[in-house]
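Q: Protein chains in written order, with the working numbering: chain A, 69 to 329; chain B, 40 to 98.
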Amino acid sequence: MDNPYIRLSLDFNDTRLRAILASGQAVVLYRLAIMSKDGDWILREDQETLAHVIATLGRRAARYRYGAPLDLRWLAHGWSSHLEFHEAGLRLRCDFVTRPPRVSPATLAALWRSPAQKEVPVVTLPILVDLKKTNREKDYAVIGELARRMEEPHLQALHSRSARDLLQLFAEHPAVVAEAARERPLLSRIREGREAIERLLDEERRALMRANENRLDRYLAAARRWRDHWPRLSKELADLPLAAAHEMMAAKAAELLPYEP
Amino acid sequence: MSDRRDEFLSEEDLDLENLSTQELEACWRLWLGQAQATNDQDRASYSHGVFDRDPAEPE
Chain A
69 MDNPYIRLSL DFNDTRLRAI LASGQAVVLY RLAIMSKDGD WILREDQETL AHVIATLGRR
129 AARYRYGAPL DLRWLAHGWS SHLEFHEAGL RLRCDFVTRP PRVSPATLAA LWRSPAQKEV
189 PVVTLPILVD LKKTNREKDY AVIGELARRM EEPHLQALHS RSARDLLQLF AEHPAVVAEA
249 ARERPLLSRI REGREAIERL LDEERRALMR ANENRLDRYL AAARRWRDHW PRLSKELADL
309 PLAAAHEMMA AKAAELLPYE P
Chain B
40 MSDRRDEFLS EEDLDLENLS TQELEACWRL WLGQAQATND QDRASYSHGV FDRDPAEPE
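1. Does the beta-carbon distance from residue 206 of chain A to residue 94 of chain A come in below 9 Å?
2. Mind the definition here: the stretch 115-131 of chain A touches the stretch 66-73 of chain B only if three or more C-beta pairs lie below 8 Å; say whether that holds.
3. Taking just the CA atoms, how far does residue 262 of chain A sit from residue 92 of chain B?
4. So who's on the other strand from residue 88 of chain A, going by DSSP bridges?
5. May I ask you to list, following chain order, the residues of the stretch 89-111 of chain A that have a beta carbon less than 7 Å from some beta carbon of chain B?
6. Secondary structure at residue 222 of chain A, three-state DSSP: helix, strand or coil?
7. Could you compute how far the alpha carbon of residue 255 of chain A sits from the alpha carbon of residue 60 of chain B?
8. Spatial neighbours of residue 218 of chain A within its chain, please: C-beta separation below 7 Å, excluding the five flanking residues on both sides.
9. Beta-carbon within less than 7 Å of residue 40 of chain B's beta-carbon, same chain only, minus the 5 sequence neighbours each way: which residues are those?
10. Between residue 300 of chain A and residue 80 of chain B, what straight-line distance do the alpha-carbon atoms span, to the nearest angstrom?
11. In the stretch 223-249 of chain A, which residues sit with their C-beta less than 8 Å from some C-beta in chain B, listed in chain order?
12. Is residue 40 of chain B helix, strand or coil when you go by DSSP?
13. Anyone know if the C-beta pair for residue 291 of chain A and residue 325 of chain A falls short of 9 Å?
Below, the structure is given as structure tokens:
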């Protein structure tokens with residue numbers, strides 16, 4: 069597919085798996101919706117990967133947007149890095165993390181052993197669901213359809229956003245739903261019927277959105293000094309090649325952006 | 040009993056599954072080209088990650 073984000077993925081993964089496509093472009097590759105003009109990747113958390121990504125983007129004359137440097141000191145604590153370049157009249161944005169939110173270390177390690185394969189390595193459906201548990205309403209519609217693409221009833225029970233689907237699942241696989249209730253409390257009330265489950269799904273969604281907001285608030289508060297300095301620093305970085313901009317940015321971030329939020 | 044089901048996405052979205060790779064690519068390229076029209080509006084914003092707004096961009 070002639071998608072610039074796929075070409076980038078291929079370049080990032082030249083000779084070695086370093087970058088797994090996530091979120092919006094993963095949704096495209098799963099043929100679920102076209103809803104993001106940016107690309108985002110989970111990067112392998114090692115120095116060689118970051119150097120390779122910086123070199124790849126440097127060849128495309130990318131520049132840093134406001135964010136953390138592509139540096140393990142920040143990425144290992146959940147910060148994100150953001151770069152942008154233009155190609156063939158398109159603005160292409162590249163967002164990176166090494167510690168995606170809501171994904172456990174064991175699940176992340178399993179992803180690196182065995183990513184889903186579309187045209188390029190891409191996050192698995194259950195991880196894509198966890199990435200989509202943001203504070204945006206539209207992401208929960210995507211989760212609803214993603215759950216329907218899952219083959220295992222247990223995974224459907226854990227991720228479905230449809231009361232009707234859950235009741236049908238309970239009718240067909242009561243033991244599976246009972247087992248999944250250990251991880252998803254609303255399933256323990258499945259016998260209360262559709263209206264109750266719909267209400268519980270709404271409550272669950274709002275709780276997830278609030279949890280994500282609280283997580284983001286922690287990072288925004290920790291980045292206050294970095295944010296205040298960024299307008300001046302971004303002008304200094306503007307004309308530098310990416311490798312030099314990266315060095316300068318990392319040096320300044322070490323003064324102003326805490327590693328741990 | 041109704042056979043209605045909960046709907047999450049549009050028929051156009053769900054029809055992506057029936058497109059060939061070439062059709063999906065053409066659809067995505069067309070969409071991305073059209074989406075460039077909003078570049079000025081979302082210049083400062085973020086789709087992913089832990090930052091919400093570029094402070095170097097005017098409000």
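Even glycine gets a Cβ: it sits at the ideal position worked out from N, Cα and C.
A: Straight from the coordinates:
1. Position 138 of the first sequence holds residue 206 of chain A. Position 26 of the first sequence holds residue 94 of chain A. No, Cβ-Cβ distance for residue 206 of chain A and residue 94 of chain A is not below 9 Å.
2. Segments in contact, no.
3. Indexing the second sequence from 1 puts residue 92 of chain B at position 53. Indexing the first sequence from 1 puts residue 262 of chain A at position 194. Taking C-alpha positions only, residue 92 of chain B is separated from residue 262 of chain A by approximately 40 Å.
4. Stepping through the first sequence from its first residue, residue 88 of chain A is reached at position 20. As a beta-bridge residue in DSSP terms, residue 88 of chain A pairs with A:110.
5. For the stretch 89-111 of chain A, which is checked against every Cβ of chain B, the residues closer than 7 Å are 91, 92, 96, 99, 100, 101, 102, 104, 105, 106, 108.
6. Position 154 of the first sequence, counted from the first residue, corresponds to residue 222 of chain A. Here residue 222 of chain A sits in helix by DSSP.
7. For the purposes of this step, residue 255 of chain A is taken as residue 187 along the first sequence, with counting starting at 1. For the purposes of this step, residue 60 of chain B is taken as residue 21 along the second sequence, with counting starting at 1. Distance between the alpha carbons of residue 255 of chain A and residue 60 of chain B: 38 Å.
8. The sequence position of residue 218 of chain A within the first sequence is 150, counting from 1. Here the set comprises 193, 224, 227.
9. Working through the second sequence from its first residue, we reach residue 40 of chain B at position 1. Note that residue 40 of chain B has pLDDT 49, beneath the 50 cutoff, so the model's placement of it is unreliable and the number below is only indicative. Excluding residues within five positions, none has a Cβ falling inside 7 Å.
10. Taking the first residue of the first sequence as position 1, residue 300 of chain A is located at position 232. Taking the first residue of the second sequence as position 1, residue 80 of chain B is located at position 41. Cα to Cα, the separation comes out at about 22 Å.
11. Cβ contacts with chain B: 229, 230, 231, 232, 233.
12. On the second sequence, position 1 is the one that residue 40 of chain B refers to. Low per-residue confidence applies at residue 40 of chain B: pLDDT is 49, beneath 50, and the placement is therefore not dependable, though the value from the model is reported in the following sentence. Coil, per DSSP.
13. Numbered from 1 along the first sequence, position 223 holds the residue referred to as residue 291 of chain A. Numbered from 1 along the first sequence, position 257 holds the residue referred to as residue 325 of chain A. Yes, these two residues count as a Cβ contact at 9 Å.
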